[in-house]
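No gaps in the numbering here: position 34 of the sequence shown is 65 in the numbering used here, and each next residue is one more.
Ideal Cβ positions, reconstructed from N, Cα and C, are used throughout, including at glycine.
This one's a predicted model, so the numbers in the text were calculated from it and none came from an experiment.
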Amino acid sequence: MSAFDTVDNENERRVVAEFLEELRDTASALQVLLGNLRSKSVTAEEGLATLKRDASSLRSNAQALNVPLIKLVTHRLDEYLADLKVLSEGDLDAIQVYIDRIDKLADGDDSGADMPAVARALPAKRAVDIDFGPIVQKNIEVMLVVPEKAMSRIVERELAACGYRTSVVRNPFEALEMVVHTKPDMVVASMELGSLSGVDLGCALSAMPVTQGTPFALFTSYAWGHPKLAGLPPRAALIRKGPQFGDDLAECLSRFGIT
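Take a look at the structure:
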């Protein structure tokens, strides 16, 4: 090992240690905040704003470090809070689960936990415009790699109506890491993902033994036979935008045996 490697490793350990201290302090502060929200000594509006700000900060800081489980939990907490407009008792209970998990991670108690199991044990976020009351929540998770928020919400609503859990990742490189770690039941990706295309992502997942069995669908306005779909793995499905969306999604779920 070179001197540069030693310095890099020492720097990384120092940065991770500093982040874990921040994680511990933030989790402790959020535990107090949740108690204050339950006792109504803090307004719901003020408390929700603080929760969103701290969750977003933790997620952002975790992304730069090699802490996969912490990345997962902070990502899911940020997702859970993102679209909340009001806090119900059920939301407080769900957020409590996240904060308790973060507490354990900060202390190193969960370092050997199984990531797919952790992902599915975390409370599912509420989809916009969907009342989960009469819907049976299923242990099926779909990852959406969709940069456009409006588009991702359309797909999320349909999947939520079926009782499926969803998680949205905007970055294709982050998506690759998350698929490896969380093993979703299906991945749905937009055609345009920035430096990579949805076809590129589908090819990458298909090429790696660890992910090649993961069902993959491309969310696009192109129809089969379009030149831009050249190279799409033959096992992949196509979900077209527009009036065909509902039928294509249903056919895709049926084809992959996701019920």
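inquiry  = So, does the stretch 215-230 touch the stretch 189-207, judging by three or more C-beta pairs under 8 Å?
reply    = yes
key: Separation of ARG45 from ILE126, as counted between CA atoms   = 29 Å
task = Helix, strand or coil for SER198, going by three-state DSSP, please let me know.
result = strand
request  = Taking the CB atoms as reference points, tell me whether ALA58 and ALA150 lie closer together than 8 Å.
outcome  = no
ask   = For ARG90 versus ASP109, is the C-beta spacing smaller than 8 Å?
value = yes
task = Report buried or exposed for LEU112, applying the criterion of at least 16 other Cβ atoms within 10 angstroms of its Cβ.
result = buried
query = Where does ILE270 fall in DSSP's three states?
reply = strand
Distance, SER72 Cα to CYS283 Cα = 49 Å
inquiry  = I'd like the span of the beta strand (DSSP E) that includes LEU249, first residue to last.
reply    = 247-251
task = Grab me the residues of SER237's own chain with a C-beta within less than 8 Å of its C-beta, minus the 5 sequence neighbours each way, in chain order.
result = GLN243, PHE247, PRO264, ARG266, ALA267
query = ASP122 to THR197, Cα distance in whole Å?
reply = 17 Å
query = Using the C-alpha atoms, what's the distance from CYS234 back to ASP114?
reply = 32 Å
message = Does MET209 pass the burial test, meaning 16 or more other C-beta atoms within 10 Å, or should it be called exposed?
response = buried
inquiry  = At the level of alpha carbons, what is the spacing between ASP278 and ARG107?
reply    = 29 Å
Nearest-angstrom beta carbon gap, VAL117 and ALA75 [assumed within contact, 8 Å] = 6 Å
ALA155 versus GLU43 - alpha carbon distance = 32 Å
query = Between ASP134 and GLU187, what straight-line distance do the alpha-carbon atoms span, to the nearest angstrom?
reply = 29 Å
request  = At 4 residues or longer, and completely inside the stretch 101-176: list those alpha helix (DSSP H) runs for me, N to C.
outcome  = 120-137, 146-152
task = Identify which residue in VAL128, VAL219, ILE185 has its Cα closest to the Cα of GLU172.
result = VAL219
key: Span separating the alpha-carbon of THR105 from that of LEU260   = 34 Å
task = Classify GLU53 as helix, strand or coil using the three-state DSSP reduction.
result = helix
ask   = Which of the three DSSP states, helix, strand or coil, is assigned to GLU179?
value = coil
query = Would ASN92 be called buried (16 or more neighbouring beta carbons within 10 Å of its own) or exposed?
reply = buried
message = Quick check: LEU232 and VAL177, are their CB atoms within less than 8 Å of each other?
response = no
inquiry  = Applying the 10 Å Cβ sphere with the 16-neighbour rule, what's the burial state of ALA80?
reply    = exposed
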